[in-house]
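Written out below as structure tokens is the structure these notes cover.
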Amino acid sequence: MLTGAFALVFFYAPLDADQGFVQKIFYVHVPMAIVALCGFVAGGVFAVMHLRTRESKWDMRSYVTIHISVILAVGVLVTGSIWARASWGHWWIWDEPMLVSFLIVFLLYATYWPLRFSIEDKEKQSRYASVFAVVAGAFVPLNFTAVKMAQSFVHPETLATTTGGLPPKMALTFVVALAGMTLLFVTLIKYEMASKHATFRLRALRRRLAGDDDELGFAGRSAAPQL
Amino acid sequence: MLPALPLDEAGKYVAAAYLVFLALILIYVAIMASKLARIEREVVELAEVVERKQDAAPPAQRAKEPVA
Chain E
1 MLTGAFALVF FYAPLDADQG FVQKIFYVHV PMAIVALCGF VAGGVFAVMH LRTRESKWDM
61 RSYVTIHISV ILAVGVLVTG SIWARASWGH WWIWDEPMLV SFLIVFLLYA TYWPLRFSIE
121 DKEKQSRYAS VFAVVAGAFV PLNFTAVKMA QSFVHPETLA TTTGGLPPKM ALTFVVALAG
181 MTLLFVTLIK YEMASKHATF RLRALRRRLA GDDDELGFAG RSAAPQL
Chain U
228 MLPALPLDEA GKYVAAAYLV FLALILIYVA IMASKLARIE REVVELAEVV ERKQDAAPPA
288 QRAKEPVA
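Here's what the structure looks like:
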């Protein structure tokens, strides 16, 4: 689907009247940003479920969702920087609320792993990480609100403009790109969840086998949740 | 609003942005593939340990153990 979206970007969507060909970055940058921010919020929702039920599967879902969202956030920052350089002539503009607030969100979530790793007790680790994910997840919508409230004319309004929003061909391409990015996000989450489950089952098997035998070692301290 | 960049100059930036996205996904998939390869190695290692244990166990105990 993402491949189809990129085909639409280059062969179907018209050139932007103001920015020209550079505007094509929009179709990878904005869907990635939306999916990353929604992923952070979803991580917070999973963390709420973990705090309510105390089931480790929710902690694992929260952890993996935040992990993939942070990876996408790196992509958002880099592609945004490239777009800024092409459009504004600068790699970064500190006066722009969208850029700075996204950077703050990214740096906030970058502390998630050190936080988890610093707590040795697994039960405490998952509980504190869930509290962090809930608070940080609630902070993320502020990112959007800050941009909407800021009276800046620098960062382009992408989904709703004074002229009535995107033209139909651009809107269709954008929707397909957003759907493709969402599917990629879900696929990567499933991929990583499967890998984590396999790792923990293997570790549990090791522990059982090592019960009467020291030949098999135990896994050390980890930031990843335990199932 | 700044004037649009000419296509030859804008193309570099657009290509760079899409390549960054592609590189991110490829790096992630490569890291996950190496993790899966490690899991596979550990499964083989565990299977060997189980086999060694079964061989070392006395015949009477071996008969009691489930096959699958």
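For the record, the sequence lines run as chains E and U. With our numbering applied, the first sequence closes on residue 227, and no number is skipped along the way. With our numbering applied, the second sequence closes on residue 295, and no number is skipped along the way. Heads up, the beta-carbon is just placed ideally off N, CA and C, and yes, glycines get one too. The structure presented is a predicted model; accordingly, all values stated were derived computationally and were not measured.
#### Entry: Per-residue burial, E/Q125 [other beta carbons within 10 Å of its own, 16 or more giving buried]
Looking up residue 125 of chain E in the first sequence gives position 125. The residue in question, E/Q125, is buried, as its Cβ has 16 or more Cβ neighbours within 10 Å.
### Task
Count the other C-beta atoms from every protein chain shown that fall within 10 angstroms of the C-beta of U/Q281, then say buried if there are 16 or more, exposed otherwise.
Reading the second sequence from its first residue, position 54 is the one you call residue 281 of chain U. Under a 10 Å Cβ-count criterion, U/Q281 is classified as exposed, with fewer than 16 other Cβ atoms of the shown protein chains found around its own Cβ.
### Message
If contacts are defined as beta-carbon pairs under 8 Å, then E/E192 and E/V64 qualify, I think. What distance do you get, rounded to the angstrom?
### Response
Here residue 192 of chain E corresponds to residue number 192 of the first sequence, with the count starting at 1. Here residue 64 of chain E corresponds to residue number 64 of the first sequence, with the count starting at 1. Contact between E/E192 and E/V64 holds, with the beta-carbon distance rounding to 5 Å and staying under 8 Å.
### Task
For U/V173, go through chain E and note every residue whose CB falls closer than 8 Å to its CB, in chain order.
Examination of residue 173 of chain U is not possible in this model, given that chain U is present from 228 through 295 alone.
### Message
Mapping the DSSP letters down to three states, classify E/G137 as helix, strand or coil.
### Response
Counting from one through the first sequence, the residue named residue 137 of chain E turns up at place 137. DSSP places E/G137 within a helical segment (H, G or I) once states are collapsed to three.
### Query
Between the region 241-261 of chain U and the region 17-36 of chain E, are three or more C-beta pairs nearer than 8 Å?
Short answer: they touch.
### Query
Are three or more beta carbon pairs between the region 81-94 of chain E and the region 42-50 of chain E nearer than 8 Å?
Under the Cβ criterion (8 Å, minimum of three pairs), the region 81-94 of chain E does not count as touching the region 42-50 of chain E.
### Task
With DSSP collapsed to three states, give me the class of E/G20.
Taking the first sequence and counting its residues from 1, one reaches residue 20 of chain E at position 20. Secondary structure of E/G20 (DSSP, three-state): strand.
### Message
What would DSSP say about E/I119, mapped onto helix, strand or coil?
### Response
Taking the first sequence and counting its residues from 1, one reaches residue 119 of chain E at position 119. Secondary structure at E/I119: coil, using DSSP grouped into helix, strand and coil.
### Query
To the nearest angstrom, how far is it from the Cα of E/V135 to the Cα of E/R127?
For the purposes of this step, residue 135 of chain E is taken as the residue at position 135 of the first sequence. For the purposes of this step, residue 127 of chain E is taken as the residue at position 127 of the first sequence. Cα to Cα, E/V135 sits roughly 13 Å from E/R127.
### Residues within the region 90-102 of chain E neighbouring chain U, beta-carbon criterion of under 9 Å
Interface annotation for the region 90-102 of chain E against chain U: empty, criterion Cβ-Cβ distance under 9 Å.
### Cross-chain neighbours of U/L251 in chain E, by beta carbon under 7 Å
Within the second sequence, residue 251 of chain U is the residue found at index 24, counting from 1. The answer, in chain order, is I71, V74, G75.
### Message
Against chain E, does U/V271 count as a neighbour if the rule is that its beta carbon must be under 8 Å from one of theirs?
### Response
Locating residue 271 of chain U in the second sequence gives position 44, where the first residue counts as 1. U/V271 does not count as touching chain E.
### Task
Taking U/A243 as the query, report the chain E residues whose CB atoms sit under 8 Å from its CB, ordered along the chain.
Sequence index remark: in the second sequence, residue 243 of chain U carries index 16 (1-based). The contacting residues are I82.
### Message
Suppose you measure from the CA of E/T79 to the CA of E/L8; what does that come to, to the nearest Å?
### Response
Reading the first sequence from its first residue, position 79 is the one you call residue 79 of chain E. Reading the first sequence from its first residue, position 8 is the one you call residue 8 of chain E. One Cα belongs to E/T79, the other to E/L8, and the distance between them is close to 19 Å.
### Query
For chain E, is any of its Cβ atoms less than 8 Å away from the one on U/M228?
Sequence index remark: in the second sequence, residue 228 of chain U carries index 1 (1-based). Only weak support exists for where U/M228 lies, its pLDDT of 46 falling under 50; the coordinates are left without a value.
### Message
With a threshold of 7 Å (Cβ to nearest heavy atom), would E/T65 be considered close to the ligand HEM?
### Response
Questions concerning the ligand HEM fall outside what the structure shown contains, since it holds no ligand whatsoever.
### Query
Do we get a CB-CB distance below 8 Å when we pair E/T173 with the residues of chain U?
For this step, residue 173 of chain E is matched to residue 173 along the first sequence. Taking 8 Å as the CB threshold, E/T173 stays off the interface with chain U.
### Query
Could you give the C-beta distance for E/T47 and E/S130, rounded to a whole number, given that I count them as a contact under 8 Å?
Position 47 of the first sequence, counted from the first residue, corresponds to residue 47 of chain E. Position 130 of the first sequence, counted from the first residue, corresponds to residue 130 of chain E. The displayed chain sequence assigns Ala, not Thr, to residue 47 of chain E. In this structure E/A47 is in contact with E/S130, their Cβ atoms being roughly 4 Å apart against a cut-off of 8 Å.
### Task
Go ahead and pull the three-state DSSP assignment for U/A284.
Counting from one through the second sequence, the residue named residue 284 of chain U turns up at place 57. U/A284: coil per DSSP, three-state reduction.
### Message
Please classify E/A5 as buried or exposed, where buried requires at least 16 other C-beta atoms within 10 Å of its C-beta.
### Response
Here residue 5 of chain E corresponds to residue number 5 of the first sequence, with the count starting at 1. By the neighbour-count rule (16 or more Cβ atoms within 10 Å), E/A5 is buried.
### Task
Buried or exposed for E/T111, please, with buried defined as at least 16 other CB atoms from any protein chain shown within 10 angstroms of its CB.
On the first sequence, residue 111 of chain E is found 111 positions in, with the first residue counted as 1. Around the Cβ of E/T111, a 10 Å sphere holds fewer than 16 other Cβ atoms; the residue is exposed.
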